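Structure record follows, encoded as structure tokens.
Residue numbers (the working numbering): 226 to 444.
Quick look at the structure:
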């Protein structure tokens, strides 16, 4: 099954959702190596990069810049013919303004199962089909791995319950999904063992908004 690009929200909304997933993972699981989701808001090129990596080679990467957004993913166990054919098709069809992204080693263009993109001046996402006709309409893994970007907060709750073996507060997940500022109460409700300072440091790296606690000094 393939994800219809018409089901995608605008790039900013999709980026905020990727950021929310990374923020939730960072709070619930302070050990970075065990997280699925990450978000880098401080890249040298001025762009932002959201990612999902499951530790088995499957991943998706969402690159956001002034030129627009490009989202690619890879499913290791999916039979998709010549592994290089899809990468060549992406390079051929993606607009020139994304060339620097495709050359970036962090974007892992040697492994591509699906790809979507949207120019900054457009509102519609476009999907790049596999160049081999018999594979163009086959399942590419996008529906399986990208659905959490489009689903409500309950989808993250289900993921966290299964993967982290915990029961995170659903209202707090919804708070993060709404991109509301991170507070001490939200951090406490999701992980009582994590300090507010550590959560704020993670939020700063991710680019997620947080409320700085003010200290009143006695005169």
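Don't be surprised by glycine CBs; every beta carbon is placed ideally from N, CA and C.
Quick caveat, the model's predicted, so the values are computed rather than measured.
Output needed for residue i: all residues of its chain with C-beta closer than 6 Å, excluding positions within five of it in sequence on either side, in chain order.
i: residue 259; result: none
i: residue 416; result: 252 and 253
i: residue 287; result: 243, 275 and 296
i: residue 341; result: 230, 296, 350 and 352
List the endpoints of the continuous beta strand (DSSP E) containing residue i.
i: residue 339; result: 339-344
i: residue 407; result: No beta strand (DSSP E) holds residue 407; DSSP gives it neither H nor E.
i: residue 277; result: 273-278
i: residue 353; result: Unbroken run through residue 353: none, as it is neither H nor E.
What is the DSSP secondary structure of residue i, reduced to helix, strand or coil?
i: residue 364; result: coil
i: residue 371; result: helix
i: residue 240; result: helix
i: residue 420; result: coil
i: residue 332; result: helix
i: residue 444; result: The predicted position of residue 444 is uncertain, since its pLDDT is 44 and thus under 50; a value taken from the coordinates is nonetheless stated next. Residue 444 falls in the coil class under three-state DSSP.
Starting from the Cα of residue i, find the closest Cα among the options and give me that residue.
i: residue 411; options: 285, 394 and 426; result: 394
i: residue 303; options: 273, 337, 324 and 280; result: 337
i: residue 247; options: 277, 370 and 228; result: 277
i: residue 297; options: 396, 232 and 352; result: 352
i: residue 264; options: 251, 282 and 244; result: 244
i: residue 300; options: 413, 371 and 389; result: 371
i: residue 350; options: 233, 227 and 228; result: 233
i: residue 366; options: 377, 358 and 354; result: 354
i: residue 404; options: 384, 329 and 434; result: 434
i: residue 307; options: 324, 291 and 358; result: 358
i: residue 388; options: 429, 250 and 238; result: 250
i: residue 406; options: 424, 420, 334 and 392; result: 424
i: residue 419; options: 323, 256 and 240; result: 256
i: residue 271; options: 437, 325 and 238; result: 325
i: residue 347; options: 266, 320 and 414; result: 320
i: residue 391; options: 262, 381 and 331; result: 381
i: residue 284; options: 240, 329, 266 and 334; result: 334
i: residue 281; options: 266, 291 and 261; result: 261
Who are the Cβ neighbours of residue i in its own chain at under 7 Å, not counting the five residues just before and after it?
i: residue 236; result: 289, 293, 294 and 343
i: residue 426; result: none
i: residue 440; result: Residue confidence for residue 440 is low, a pLDDT of 47 falling below 50, so the modelled location carries little weight and cannot support an answer.
i: residue 414; result: 394 and 397
Alpha helix (DSSP H) containing residue i: first to last residue?
i: residue 328; result: 324-328
i: residue 290; result: Note, residue 290: premise wrong, no alpha helix (DSSP H); beta strand (DSSP E) at 284-290.
i: residue 436; result: Premise fails: residue 436 is in no alpha helix (DSSP H) and is neither H nor E.
i: residue 388; result: 378-388
What does residue i pair with, by DSSP beta-bridge criteria?
i: residue 264; result: 275
i: residue 294; result: 289 and 343
i: residue 259; result: Paired residues: none, contrary to the question.
i: residue 402; result: Paired residues: none, contrary to the question.
Considering only residues of the same chain and omitting the five flanking positions on each side of residue i, which have a CB-CB separation below 8 Å?
i: residue 356; result: 310, 311, 313 and 314
i: residue 268; result: 274
i: residue 364; result: 226, 227 and 303
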